[in-house]
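**Q**
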Amino acid sequence: MIDNYERLVGRLTPRKIARALGHLNYEGGICSKNEKHGGFRYTSTGQCVKCLSEWSKDNKEKVNTRNKKYRDNNPHKARKLTKEWSSKNRDKRNASLASYRASKHQAEPLWCEHEKIKTLYEKAKEYNMEVDHIVPLQGKIVCGLHCWHNLQLLDRGHNASKSNVMWPDSWKE
Ligand SMILES: [Zn+2]
């Protein structure tokens, strides 16, 4: 029995095992183009993960066109993939949603410091907190900006109970 199992495992390559388990990546041979890349490869193509990510950075337009074409041809799969990505990357999704909302209200100044804001959303995810606009983007009296100095971390419950009327009082402190 064990003999059979060993023979079977012996015939399975890491890639075949990864495919059977539904893993996206597997550890294969060291990259032939750059040994610093290590051996992580995509199960579907056998391509080096680092090579592809470096290529993607240099070819953003090509990647975008290809992705758009895929999404147009496979709307159901694309929606499922987006959903999966969003639930795994809540911090990134929240940061980009907030930026989108802010731009809609023309509240995102050019000096809004995207990198610092991104870190804040990462911290919020880490501590299970929410990113809050100190002066709300759509306040009744004044509108706040989506920028580093107008953002703070709040406990989830606290943010829900905070109302837009609260903020002018903070000036008196
Ligand atoms: Zn590589």
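In terms of the numbering used here, the numbers along the sequence shown are unbroken and rise by one, the last being 506.
Beta carbons: idealized from backbone N, C-alpha and C, even for Gly.
All values derive from a computational prediction rather than experimental measurement.
1) Of the residues ASN367, GLY371, LYS366, which one's Cα is nearest the Cα of TYR359?
2) Jot down the residue ranges of each uninterrupted alpha helix (DSSP H) in the stretch 415–478, minimum 4 residues, whole runs only, in chain order.
3) With respect to 6 Å, is the separation between the Cβ of HIS370 and the closest non-hydrogen atom of ligand 1 below this value?
4) In the DSSP assignment, the alpha helix (DSSP H) including SER387 goes from what residue to what residue?
5) Grab the span of the beta strand (DSSP E) containing LEU345 for me, first residue to last.
6) What residue does the beta strand (DSSP E) around ASN358 start on, and which one ends it?
7) Contact defined as beta carbons within less than 8 Å: I believe ALA440 pairs with LEU470. What is the distance between those atoms, to the nearest angstrom?
8) Determine the direct distance from the alpha carbon of TRP481 to that of ASP502, and round the result to whole angstroms.
9) Indicate whether VAL468 and ALA457 have their beta-carbon atoms separated by less than 7 Å.
10) Using the DSSP secondary-structure output, state which residues sit across from LEU487 in a beta bridge.
11) From ARG489, LYS366, LYS395, pick the residue whose C-alpha is nearest to that of TYR460; which is it?
12) So, SER389 versus VAL396, is the Cβ gap smaller than 7 Å?
**A** Short version:
1) Counting from 1 along the sequence shown, the entry for residue 359 is found at position 26. TYR359 has its Cα closest to that of GLY371, out of ASN367, GLY371, LYS366.
2) 423–437, 447–459
3) By 1-based counting over the sequence shown, the position of residue 370 is 37. Checking every heavy atom of ligand 1 against the Cβ of HIS370, one is found closer than 6 Å.
4) Looking up residue 387 in the sequence shown gives position 54. The residue you asked about is not Ser; residue 387 is Glu in the sequence shown. 382–391 is the extent of the alpha helix (DSSP H) around GLU387.
5) Position 12 of the sequence shown holds residue 345. Note, LEU345: premise wrong, no beta strand (DSSP E); not H, not E.
6) The residue given as residue 358 occupies position 25 in the sequence shown. Taken as a continuous stretch (DSSP letters only), the beta strand (DSSP E) holding ASN358 covers 358–360.
7) As a working mapping, residue 440 is identified with position 107 in the sequence shown. As a working mapping, residue 470 is identified with position 137 in the sequence shown. 5 Å between Cβ atoms; contact.
8) As a position in the sequence shown, residue 502 is number 169, starting the count at 1. As a position in the sequence shown, residue 481 is number 148, starting the count at 1. Summary for ASP502: the model assigns pLDDT 44, below 50, so the residue's position carries little reliability, and this model does not support an answer.
9) Against the sequence shown, residue 468 aligns to sequence position 135. Against the sequence shown, residue 457 aligns to sequence position 124. For VAL468 and ALA457, no; Cβs fall outside 7 Å.
10) One-based indexing of the sequence shown puts residue 487 at position 154. GLU463.
11) The sequence position of residue 460 within the sequence shown is 127, counting from 1. Checking every option, the nearest Cα to that of TYR460 belongs to ARG489.
12) Indexing the sequence shown from 1 puts residue 389 at position 56. Indexing the sequence shown from 1 puts residue 396 at position 63. Their beta carbons are under 7 Å apart, which means SER389 touches VAL396 by this criterion.
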